[in-house]
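In the UniProt record's numbering, the protein residues as written are 1 to 290.
Accompanying notes for the structure given below.
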């Protein structure tokens with residue numbers, strides 16, 4: 001039945017717990033777009049709104065931002081934990097060589113496929129969230145970020161680069177956990193604790209978004225030739241010629257440009273904290289630039 005495609009992974013390899021990829025995977029992605037929309041609304045309303053009341057968070061705007069960041073904290077914590085579990089039990093655990101050894105990785109484990117399609121659904125749903133929420137002063141940067149993220153997720157999935165995708169997602173989620181946690185503390189009035197958490201965020205950002213990121217990008221630039229994977233043969237699952245390499249490197253370069261823009265803001269906040277002020281939002285929650 002067609003409805004089953006929204007709930008059950010498609011393209012299972014007979015006799016194995018691995019799955020191929022195909023256009024019917026769009027059904028699962030669509031399911032998660034819808035599921036995350038309702039799950040986000042339900043958790044914010046029935047879990048975090050009562051918590052906001054208990055914590056006496058006043059002001060409609062401040063309370064709304066608290067709900068959003070609490071949801072982000074929960075999502076990224078879960079996503080990072082699951083992503084790290086998958087990567088830890090894989091050959092590419094802190095070993096970029098296995099991004100390329102054995103490529104193309106056409107068939108992937110059940111959990112990896114579920115994780116990747118659900119994550120894609122989440123980020124596509126986030127594009128919808130940006131469209132309906134009140135604008136923030138960095139809305140243009142966020143739109144570009146989400147567009148690049150969704151493009152990388154979809155293209156890496158269908159070109160059999162889910163190993164790199166898994167590593168990048170874990171790297172990104174790690175710093176997002178600390179950022180959301182710091183913002184939650186700020187909205188609850190825990191300014192000193194927020195400053196400490198923000199310090200952890202800065203360290204995680206520098207390590208994951210710049211140091212580890214540089215290693216992954218270098219691997220995409222240098223390792224394909226070492227492991228002889230530069231080939232375009234869709235029948236065998238090979239989707240990595242020089243054009244594809246340039247495509248991925250360009251998107252990663254754009255993503256790093258955004259990270260550097262945010263790093264500039266982060267450094268400014270660090271200077272304020274060291275001078276005795278409290279940490280303010282990075283990737284601002286302020287509406288209409290206020």
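Beta carbons are placed, not taken as given, at the ideal position from N, Cα and C, and that holds for glycine.
Computed from a predicted model, the values in this text were never measured in an experiment.
- In its chain, beyond the 5 residues on either side, 79, 153, 169 have a beta carbon closer than 7 Å to the beta carbon of residue 119.
- Contact between the segment 153-168 and the segment 263-277 is absent: fewer than three C-beta pairs spanning the two stretches fall below 8 Å.
- CA-CA distance, residue 40 to residue 92, rounds to 32 Å.
- The C-alpha of residue 33 lies about 29 Å from the C-alpha of residue 210.
- Counting along the chain, residue 210 sits inside no beta strand (DSSP E), nor does DSSP assign it H or E at all.
- Taking a contact as a CB-CB distance under 8 Å, the pair residue 13 and residue 20 counts as one, their CB atoms being some 6 Å apart.
- Taking residue 75 as reference, the option from 150, 174, 3 with the minimal CA-CA separation is 174.
- Taking one beta carbon from each stretch, the segment 139-152 and the segment 195-214 have fewer than 3 pairs nearer than 8 Å; the two do not touch.
- Annotated three-state conformation of residue 233 is strand, per DSSP.
- With 16 or more other Cβ atoms from the protein chains shown falling within 10 Å of its own Cβ, residue 71 counts as buried.
- Around the CB of residue 235, fewer than 16 other CB atoms lie within 10 Å, so the residue is classed as exposed.
- Secondary structure of residue 105 (DSSP, three-state): coil.
- One thing to note: residue 159 has its Cβ within 8 Å of the Cβ of residue 240.
- Taking all protein chains in view, the Cβ of residue 208 is crowded by 16 or more other Cβ atoms within 10 Å, so the residue is classified as buried.
- A straight-line Cα-Cα distance of about 40 Å links residue 116 and residue 274.
- Between residue 108 and residue 162, the C-beta gap is smaller than 8 Å, which places the two residues in contact.
- Taking all protein chains in view, the Cβ of residue 65 is crowded by 16 or more other Cβ atoms within 10 Å, so the residue is classified as buried.
- Residue pairing from DSSP leaves residue 98 without any beta-bridge partner.
- A buried status is given to residue 156, since no fewer than 16 other beta-carbon atoms sit within 10 Å of its beta-carbon.
- Following the DSSP letters along the chain, one finds residue 38 inside the alpha helix (DSSP H) bounded by residues 25-43.
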